[in-house]
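S.K.:
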Amino acid sequence: MTPQGDDGRGAQIVMAHGGGGELTRRLLAEHIVPPLANDLLDPMTDSAVLPPIAGRLCLTTDAFVVQPLEFPGGDIGTLAVCGTVNDLAVMGAVPIALSLAMVIEEGLALDTLDRIVASIARSASEAGVVIATGDTKVVERRDTEGMTITTAGVGQVRQDANLAAGRIGPGDVLILNGHLAEHGLAVMSARKGLSFQTDLLSDVAPLGGLVQALLDSGADVKFLRDPTRGGLAGLLADLADETSLGIEIDEQAVPVTPATRNTADMLGLDVLTVANEGKVVAAVSADDADAALAACRAHPLGRAGAVIGRFVHAEVPLVEMMTSVGGRRIVSRPYGEDLPRIC
Amino acid sequence: MDRDEAKGIIDRIDAACAQAGRVCIMEVCGTHTVSLFRSGIKSLLGESIHLISGPGCPVCVTSQGYIDAACELAVRPDVTVCTYGDMVRVPGQVGSLESQRARGGSVEVVYSPRDALTMAKQHPDRQVVFLAVGFETTTPGTAATVIAARGEGVENFSILSGHKLVIPAMEALLAGGEVPVDGFLCPGHVSVIIGAGAYRPIAERYHKPCVVAGFEPRGMLEAILHIVRQVADGKALVENAYGAVVSSEGNAVARDVVDRVFVPADAVWRAMGTLPDSGLELREGFRAFDAVGRLGVEIGPDVCPDGCLCGEVIQGKATPAECALFGTACTPVEPVGPCMVSSEGTCAAWYKYNRPAQPGVEKA
């Protein structure tokens, strides 16, 4: 209902910025290309020409529609880079190049756009990837918040990576690299209509380095996935279905900060179903659990890592959790978006 | 609380049950229902403790007519409906607020009525209606917001009052005599407002122990122990296992705010019919903020979906597993009744945390 933007103050995106003329040229030349400059993008050709690449390639794409555009700990730019490089990382791929398509609504403040493009540049640099090609469109003001971004990424799969849910067997353990639910709660705290105060920051981060460390550890890492929308609960429920195995997790072992726990309790949300953007779940052979966990904890994004559960034979592939008081309950995938309860 | 501590209390509950026999405890509030499942306590209690969910899920007790009225408002071109998230997916006769939004209706999820008032001030060209549902926990917020709206002269803000009161519902259940309740686990957050003393008539008139608890595992387990011990000793007292937060008198300031704005009125509860003085309507001086009068919307009859046992479930007369629709025709993805939708709904909690291998065959 509230188109964001800077009404009457400062420069804004107008329809002509997307018209292909002088304003488009200036938008690209002054606001978008310089922060992202690199050898693949700079020729400004219709397509980026990539160098020859040996071995298996991964290709992925993701659309980003987060509201609000900026939230504690990140913005749509950091998400657009990290979301795509993380989808490459969990396939055991090292990212090579990203594409970047921005659909901007008229009225978006150029200051906001500048901050988001700077975030894209910073996140790409952290992830060791470049924006090789892109597109920018301007659309009429809508009922949303200013812009959407779609990125695609191509990466080179490590030769030694052998990641597939089909390799998981009973006894294999699950490792999570850190505290849950921070992204979803941070975004919710900044969303219009949900005015609760929290110091939580989104955990959005590129996971490539951590994944490389896990694979370098020599542990038999069988499968990796990042618990984004749907949270850990959604990921585990999917994995139980895909492997036809039961999963048992231990609530006491799942890393959650007290601040996150309190905020989720206040909102009536289950931390297991809240989104993350800097977390990865690894399925590892039990014999290699110690080596994988040590590699995880040695990385800055994995210091709070823990073995949270294991795969078991089961007639029905359900996820069961032993709770902190020693009871048991089923962990289900959430229906859709997380909504705070009434009281 | 660690697993050894929990086991210690469970052992004491079991010992008390040896004397009391099987004890039926109604957890009045949906937050307790969910917390008991989510914490795993439900799975730890032995056969001697029978937990029954009561009429304390605000969404579940809201009548079908109210949902239909909200859906009707949502698709009016100049109206924005602001709601707590739980209400969005409750099916009415012509879809849910979620489906109305998909059809172009204006539905905004808010965390507090203040957010709805803010939205009204930001959009003076639209009528902003807040769906005011919930028990005593949420009524002070609604009342304070209505006072603020009048004070600030916000003329495009109104509420659709579906507020309900806990004690009249408990009394109606006991007066009906069909539900075998030995004691009540009373909700901490409601009790912060009404005070533990508010349950005294239930304890005295109906000889039922009432124990107030918060939503932490320790508090819930201790409260269950208190109830079982009272039953074993033949007592019926109000006890407060949430003493750090809940007082005997409650929050008089909050109740005064509610009293300035609202007056108790007969209210329709889903499948329970009209219970006297069990709801709240705006007082004369605040009538201008009543969406019913302002926007001419009608709250129609409470027509429950065929075969749906939500009405029985919220009264503790049936468990979800006894409903033929549970887990088959009615699931969280395609809910028939509100108890399968609300995050505090009994059916949703059963399905989510206790889903049997084959739907409908396992007891909770």
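Protein chains in written order, with numbering that gives the first Met the number 0: chain A, 0 to 342; chain B, 0 to 363.
C-beta: ideal position from N, C-alpha, C; glycine also.
#1: Does the distance from the CB of A:I329 to the CB of A:L173 come in under 7 Å?
#2: Since A:T197 contacts A:T272 with CB under 8 Å, what's their CB separation in whole angstroms?
#3: For the beta strand (DSSP E) that contains B:M25, what are its first and last residues?
#4: Does the beta carbon of A:S284 sit closer than 7 Å to a beta carbon anywhere in chain B?
#5: Against chain A, with Cβ distances strictly below 7 Å, would B:I51 count as a contact?
#6: In angstroms with no decimal places, state the Cα-to-Cα distance between A:L97 and A:T150.
#7: Give the secondary structure of B:D13 by DSSP, where H, G and I count as helix, E and B as strand, and everything else as coil.
#8: Measure the C-alpha to C-alpha separation of B:G299 and B:G175 and round it to an integer number of angstroms.
#9: When you compare only the Cα positions, how much space is there between A:L22 and A:A28?
#10: Using a 10 Å radius around the Cβ and a threshold of 16 neighbouring Cβ atoms, would you call A:R8 buried or exposed?
#11: Give the interface partners of B:P337 over in chain A, defined as CB-CB distance under 8 Å, in chain order.
#12: Using the beta-carbon count (16 or more within 10 Å), is B:Q357 buried or exposed?
#13: Give me whichever residues DSSP pairs with B:I158 in a beta bridge.
#14: Quick one: give me the first and last residue of the alpha helix (DSSP H) that B:Y253 is part of.
#15: How would you label B:S95, buried or exposed, when you count the other beta carbons within 10 angstroms and need 16 or more for buried?
#16: Given this structure, state the Cα-to-Cα distance separating A:G145 from B:A143, to the nearest angstrom.
#17: Look up A:K278 in the DSSP assignment and say whether it is helix, strand or coil.
#18: Could you tell me whether any Cβ in chain B is nearer than 7 Å to the Cβ of A:S243?
#19: Name, going along the chain, the residues of the stretch 317 to 335 of chain A whose beta-carbon falls closer than 9 Å to a beta-carbon of chain B.
#20: Cα separation between B:I223 and B:P304?
#21: Which residue comes first and which comes last in the beta strand (DSSP E) that contains B:E177?
#22: Mind checking if B:A243 is an interface residue toward chain A, Cβ cutoff 7 Å exclusive?
#23: Within a Cβ cutoff of 7 Å, which residues of the same chain sit near A:I115, ignoring the five residues on either side of it in sequence?
#24: Rounded to whole angstroms, what's the CA-CA distance from B:G161 to A:A185? Just pull it up for me.
#25: Between the beta-carbon of B:I51 and the beta-carbon of B:G315, is there less than 7 Å?
#26: Is B:Q121 buried or exposed, if buried means 16 or more other CB atoms sit within 10 Å of its CB?
#27: Run through the stretch 236 to 267 of chain A for me and flag every whole alpha helix (DSSP H) of 4 or more residues, listed as ranges in chain order.
#28: Determine whether the Cβ of A:G267 lies closer than 7 Å to any Cβ atom of chain B.
#29: With distances taken from CA atoms, which of A:P51, A:T256, A:L214 and A:A131 is nearest A:D202?
#30: Verify the CB distance criterion: does B:Y65 have a CB-CB separation below 7 Å to chain A?
#31: What number of angstroms, rounded off, separates the C-alpha of A:Q3 from the C-alpha of B:P263?
#32: Just checking: is the beta-carbon of B:L164 within a distance shorter than 7 Å of some beta-carbon in chain A?
#33: Would you say B:S38 reaches chain A, if we count a Cβ-Cβ gap shorter than 7 Å as a contact?
#34: Can you list, in chain order, the residues of its chain with a C-beta nearer than 8 Å to that of B:A328? Leave out the 5 residues immediately preceding and following it.
#35: Alpha carbon to alpha carbon, how far is B:A197 from B:L184? Give it in angstroms, no decimals.
#36: Give the DSSP-derived three-state secondary structure of B:K351 in the structure shown.
M.R.: With the structure as the only source:
#1: Taking 7 Å as the Cβ cut-off, A:I329 and A:L173 do not qualify as a contacting pair.
#2: Contact between A:T197 and A:T272 is ruled out by a C-beta separation of about 18 Å, above the 8 Å threshold.
#3: For B:M25, the uninterrupted beta strand (DSSP E) run begins and ends at V22 to E26, by DSSP.
#4: A:S284 has a beta carbon lying at 7 Å or more from every beta carbon in chain B.
#5: Interface criterion not met: the Cβ of B:I51 is under 7 Å from no Cβ in chain A.
#6: Their backbone Cα atoms lie some 6 Å apart in a straight line.
#7: Helix.
#8: For B:G299 and B:G175, the distance between alpha carbons rounds to 25 Å.
#9: Rounded to whole angstroms, the gap between the alpha carbons of A:L22 and A:A28 is 10 Å.
#10: Confidence is the limiting factor: at A:R8 the pLDDT is only 48, short of 50, which leaves the residue's position unreliable and the question unanswerable from this model.
#11: Simply none; closest approach about 12 Å.
#12: Confidence at B:Q357 is low in this model, with a pLDDT of 39, below 50, so the placement of that residue is unreliable and no value is reported for it.
#13: Listed as beta-bridge partners of B:I158 by DSSP are B:F129 and B:D289.
#14: The sequence shown places Ala at residue 253 of chain B, rather than the Tyr named in the question. Membership of B:A253 in the alpha helix (DSSP H) is indicated by the continuous run A251 to V260.
#15: It counts as buried.
#16: Going from the Cα of A:G145 to the Cα of B:A143 covers about 33 Å.
#17: Secondary structure at A:K278: coil, using DSSP grouped into helix, strand and coil.
#18: Taking 7 Å as the CB threshold, A:S243 stays off the interface with chain B.
#19: The stretch 317 to 335 of chain A vs chain B, Cβ under 9 Å: L317, M320, M321, T322, S323, V324, G325, G326, R327, R328, I329, V330, S331, P333, Y334 and G335.
#20: Each residue's Cα considered, the two are about 34 Å apart.
#21: Counting along the chain, B:E177 falls outside any beta strand (DSSP E), and DSSP gives it neither H nor E.
#22: For B:A243, the answer is no, since every Cβ of chain A falls outside 7 Å of its Cβ.
#23: Taken in chain order, the residues that qualify are L68, D74, I75 and G76.
#24: Going from the Cα of B:G161 to the Cα of A:A185 covers about 31 Å.
#25: Yes, the pair counts as a contact, with Cβ atoms nearer than the cut-off.
#26: B:Q121 is exposed by the Cβ-count criterion.
#27: Listed in chain order, the complete alpha helix (DSSP H) runs (minimum 4 residues) inside the stretch 236 to 267 of chain A are 257 to 266.
#28: Interface residue (Cβ-Cβ distance to chain B less than 7 Å): A:G267 is classified as such.
#29: The option with the nearest alpha carbon to A:D202 is A:T256.
#30: Cβ-Cβ to chain A under 7 Å: no for B:Y65.
#31: Caution applies to A:Q3, whose pLDDT of 39 falls short of 50 and renders its modelled position unreliable; the model cannot decide the point.
#32: So no, B:L164 is outside the interface.
#33: Any Cβ of chain A closer than 7 Å to the Cβ of B:S38 would place that residue at the interface, and such an atom is present.
#34: Excluding positions up to five away in sequence, the list reads G306 and V335.
#35: One C-alpha to the other measures close to 14 Å.
#36: Correct three-state label for B:K351: helix.
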